[in-house]
Amino acid sequence: MKVRVYYEDTDAGGIVYHTNYIKYCERARSEIFFKQDMMPLDGDRSGFVVKNMEADFLGFATLGEILEVTTTVIKKRAASVLLRQQIYNQEGKNIFNMDIVLVFVREGRPSPVPDMLHEIFSVNKVYK
Numbered sequence: 090m091k092v093r094v095y096y097e098d099t100d101a102g103g104i105v106y107h108t109n110y111i112k113y114c115e116r117a118r119s120e121i122f123f124k125q126d127m128m129p130l131d132g133d134r135s136g137f138v139v140k141n142m143e144a145d146f147l148g149f150a151t152l153g154e155i156l157e158v159t160t161t162v163i164k165k166r167a168a169s170v171l172l173r174q175q176i177y178n179q180e181g182k183n184i185f186n187m188d189i190v191l192v193f194v195r196e197g198r199p200s201p202v203p204d205m206l207h208e209i210f211s212v213n214k215v216y217k
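So the mapping is simple: the numbering used here equals the position in the sequence shown, first residue as 1, plus 89.
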């Protein structure tokens with residue numbers, strides 16, 4: 090997914106504020122569902138929640154840049170998925186990596202990932 094860096098994303102020096110990389114990754118995960126004409130959360134209040142994330146800041150982006158966010162399915166379990174999300178600057182340099190574990194919950198408890206989502210979370214599938 091392509092993301093443009095806006096003024097609101099940056100600090101006084103025009104560099105992207107660190108938490109915005111996590112927001113860009115969240116948007117990319119939501120877009121996976123939107124492109125399938127689905128919503129990230131179901132009407133019955135079921136959906137994925139973040140259990141764990143590990144982030145590595147490898148570089149930085151600046152005002153006006155177009156960034157590319159990729160999402161790769163690394164592992165799928167009965168009630169969770171492990172994703173690797175990476176952000177590249179417009180020169181193609183990897184500036185951010187995040188491994189994130191999402192757990193599917195229904196009525197506030199971990200629940201098996203519904204069958205209709207198994208194709209979306211096929212291991213080694215890459216979303217751009």
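All residues carry an ideal CB built from backbone N, CA and C; glycine is no exception.
The model shown is predicted, which means the values in this text are computed figures rather than measured ones.
Is residue 269 near residue 92, with beta carbons less than 8 Å apart? Since the displayed the chain opens at 90 and closes at 217, residue 269 lies outside it and no answer follows.
If you reduce the DSSP assignment to three classes, tell me which class residue 152 lands in. One-based indexing of the sequence shown puts residue 152 at position 63. The DSSP-derived three-state label of residue 152 is coil.
Coil, strand or helix - residue 109 by DSSP: Taking the first residue of the sequence shown as 1, we reach residue 109 at position 20. When DSSP states are grouped into helix, strand and coil, residue 109 belongs to the helix group.
Tell me, please, which residues DSSP counts as bridged to residue 104. Within the sequence shown, the letter at position 15 stands for residue 104. Answer is 151.
Could you check what DSSP says for residue 168 in three-state terms: helix, strand or coil? For the purposes of this step, residue 168 is taken as the residue at position 79 of the sequence shown. DSSP places residue 168 in coil when its eight states are reduced to three.
Residue 142 vs residue 188 beta-carbon contact at 8 Å: Residue numbering aside, residue 142 sits at position 53 when the sequence shown is read from its first letter. Residue numbering aside, residue 188 sits at position 99 when the sequence shown is read from its first letter. Yes. Within cutoff.
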